[in-house]
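So for the sequence shown, the UniProt record's numbering puts the first residue at 1; every next one is plus one. Beta carbons are placed, not taken as given, at the ideal position from N, Cα and C, and that holds for glycine. Keep in mind it's a predicted model, so treat the numbers as computed, not measured.
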Amino acid sequence: MIRPDRLLMVLLATYALSAMQAEAGKIYRWVDEQGNVHLSDKVPTEHSRNARSELSESGREVERLQAAKTEEEIAKEKELEKLRAEQQRLIEIQRAKDLVLLRTFRTEDDLLMARNGKLTAIDSNIQVIRSNIRRMKNRLAEMQQSAAAMERQGQPLSENLLKDIEYTRTQLKDSYTTIIQKEQEKEVIRNIAAKDLARFRSLKNLHDENADPQLNAKKDRSLLDTVVICPDDAACNKAWEKVEEYVRKYATTRLQMLSDSIIMSAAPLKDDDISLTASRILYKDRPGAELFMDLQCKPSPRGTEHCQTDQVEQIRVGFKQYLADSVNQ
């Protein structure tokens with residue numbers, strides 16, 4: 001049962017609404033910040049930003065006007081527009097990449113052959129560099145022997161000989177830097193190929209039943225497996241002492257070079273010889289360095305076989321662990 005006072009208020013509101021509609025064409029209804037309901041044919045300036053409804057003669061809502069946006073809401077909308085525009089730009093870039101991918105490769109095998117070709121080319125380049133390293137090691141050994149003989153005979157070392165020794169040392173260090181760069185290039189190629197293959201299969205609605213074994217199997221050994229990063233001079237100096245210990249412990253040839261940037265044992269002479277060379281490659285744009293160890297066996301059938309034994313493999317993989325404590329402290 002409706003209370004008399006409530007009924008009176010409804011009747012008065014209905015009467016007021018009818019009276020206003022008789023005098024004006026539009027009636028608005030809105031709620032102010034305090035929750036008060038207003039009915040009027042005009043909206044005061046102080047309430048002009050509020051949401052409001054336009055009512056018909058029967059009091060039904062015929063149109064609803066949203067509240068004016070605040071500065072914060074406007075700023076959020078602008079930011080959202082920027083994000084959507086950037087998203088659309090990225091979508092267009094991906095579409096262009098997809099088109100190039102589909103035009104370049106007709107099948108998965110085409111993509112994998114292209115990747116393998118790039119890796120093979122880099123591996124061939126690395127083999128050439130390693131051959132040059134062996135040649136430079138032998139050349140350096142000859143020059144050092146000549147220098148030692150001259151010193152024993154009391155003869156002064158010629159300036160040209162000293163320059164040649166220093167030049168060869170620099171070339172060796174640069175060669176190892178290049179090897180690291182080449183191995184890093186291979187990692188980039190593998191990662192790009194893996195992403196391209198996954199995208200190619202998605203675009204072609206293919207499954208991975210014919211997945212490339214090289215992508216699913218354990219990755220082949222990389223020379224980057226013997227790279228240790230030290231963050232600053234203190235850590236690098238401490239780690240470099242451990243590097244010297246490691247080379248002295250596991251190299252079977254005599255120590256041929258010892259400096260603050262390269263530690264090298266002589267080239268392998270016997271089939272079961274192990275030659276170790278470590279280089280300290282400083283970063284150009286930040287503190288720290290990469291400590292790289294290279295292991296070489298005699299380039300002979302038996303030497304190659306010896307290099308593939310578990311014993312030699314443990315020397316390779318043990319380098320990082322041997323230095324880990326000094327680098328992480």
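Inset, instruction - Would you kindly work out how many angstroms separate the C-alpha atoms of ASP271 and ALA235, rounded to a whole number? - result: 36 Å
Inset, instruction - Put ALA266 into one of helix, strand or coil per three-state DSSP. - result: coil
Legend entry - Which residues DSSP lists as bridging HIS38, in chain order: TRP30
Legend entry - Local conformation of ARG52 per DSSP, three classes: strand
Inset, instruction - Could you please give the first and the last residue of the uninterrupted alpha helix (DSSP H) stretch that includes VAL43? - result: That residue, VAL43, is in no alpha helix (DSSP H); it is neither H nor E in DSSP.
Legend entry - Residue interval of the alpha helix (DSSP H) (run including residue 339): The structure shown does not extend to residue 339, since the chain spans only 1 to 329, so no value can be given for it.
Legend entry - Residue of LEU295, GLU305, ARG302 and THR304 minimising C-alpha distance to VAL317: LEU295
Inset, instruction - Count the other CB atoms, across all protein chains shown, that sit within 10 Å of the CB of PRO156; report buried if there are 16 or more and exposed otherwise. - result: By the neighbour-count definition (other C-beta atoms within 10 Å, threshold 16), PRO156 is an exposed residue.
Legend entry - Nearest candidate by alpha-carbon position, reference ALA324, set GLN256, CYS230 and LEU112: CYS230
Legend entry - Straight-line gap, residue 371 to ALA51 (C-alpha atoms, nearest Å): For the chain, the structure presents residues 1 to 329; residue 371 sits outside this window and is missing.
Legend entry - THR252 - DSSP class collapsed to helix/strand/coil: coil
Inset, instruction - May I have the straight-line CA-CA distance separating ASP310 from ILE189, to the nearest angstrom? - result: Their Cα atoms are separated by approximately 29 Å.
Inset, instruction - Using beta-carbon positions only, say whether GLU187 and LEU224 come within less than 8 Å of one another. - result: Yes, they are a contact pair.
Legend entry - Residues sharing a beta bridge with ALA278, DSSP: ILE263 and MET293
Legend entry - Rounded C-alpha distance that separates THR104 from ILE179: 30 Å
Legend entry - Proximity below 8 Å, CB of ALA278 to CB of MET257: Inclusion of ALA278 and MET257 in the CB contact set at 8 Å is not warranted, their separation being larger than that value.
Inset, instruction - List the residues that DSSP assigns as beta-bridge partners of ARG64. - result: BP columns for ARG64 point to SER53.
Legend entry - Cβ separation of VAL243 and LEU282, assumed to be a contact under 8 Å, to the nearest whole Å: For a cut-off of 8 Å, the C-beta gap from VAL243 to LEU282 is around 14 Å, too long to register as a contact.
Legend entry - Range of the contiguous alpha helix (DSSP H) that encloses PRO156: Counting along the chain, PRO156 falls outside any alpha helix (DSSP H), and DSSP gives it neither H nor E.
Legend entry - Rounded straight-line distance, which links the Cα of TRP30 to that of ASN36: 8 Å
Legend entry - For LEU172, the three-state DSSP class (helix, strand or coil): helix
Legend entry - Beta-ladder partner(s) of CYS230, from DSSP: According to DSSP, which records beta bridges pairwise, CYS230 is partnered with ALA289.
Legend entry - Rounded separation between GLN144 and ASP285 - CA only: 34 Å
Inset, instruction - Return the CA-CA distance between LYS320 and VAL312, expressed in angstroms with no decimal places. - result: 14 Å
Legend entry - Cβ neighbours of ARG254 in the same chain (closer than 8 Å, five flanking residues each side left out): Beyond the five residues adjoining it in sequence on each side, ARG254 comes within less than 8 Å, by CB distance, of SER265 and ALA266 in the same chain, given in chain order.
Inset, instruction - Look at the Cβ atom of LEU172, then the Cβ atom of ILE262, and state whether they are nearer than 8 Å. - result: Going by C-beta atoms, LEU172 is nearer than 8 Å to ILE262.
Legend entry - Spatial neighbours of ASP260 in its chain, beta-carbon cut-off 8 Å, leaving aside the 5 residues before and after: TRP240 and ARG280
Inset, instruction - Excluding the 5 residues preceding and the 5 following PRO287 in the sequence, name in chain order all residues of the same chain whose CB lies nearer than 8 Å to its CB. - result: Non-local beta-carbon contacts of PRO287 in its own chain, meaning distances under 8 Å to residues more than five positions away in sequence, involve PRO231, ASP232 and ASP233 in chain order.
Inset, instruction - On the DSSP bridge assignment, give the partners of LEU258 in chain order. - result: ILE263
Inset, instruction - Throw me the rounded Cβ distance for the LYS238 and LEU269 pair, which I believe falls under 8 Å. - result: Their Cβ separation, rounded to whole angstroms, is 33 Å, which puts LYS238 and LEU269 out of contact at 8 Å.
Inset, instruction - Could you check what DSSP says for LYS320 in three-state terms: helix, strand or coil? - result: helix
Inset, instruction - With LEU102 as the anchor, note down where its alpha helix (DSSP H) starts and where it stops. - result: 71–104
Inset, instruction - Could you check if VAL247 is buried or exposed, using at least 16 other CB atoms within 10 Å of its CB as the buried criterion? - result: buried
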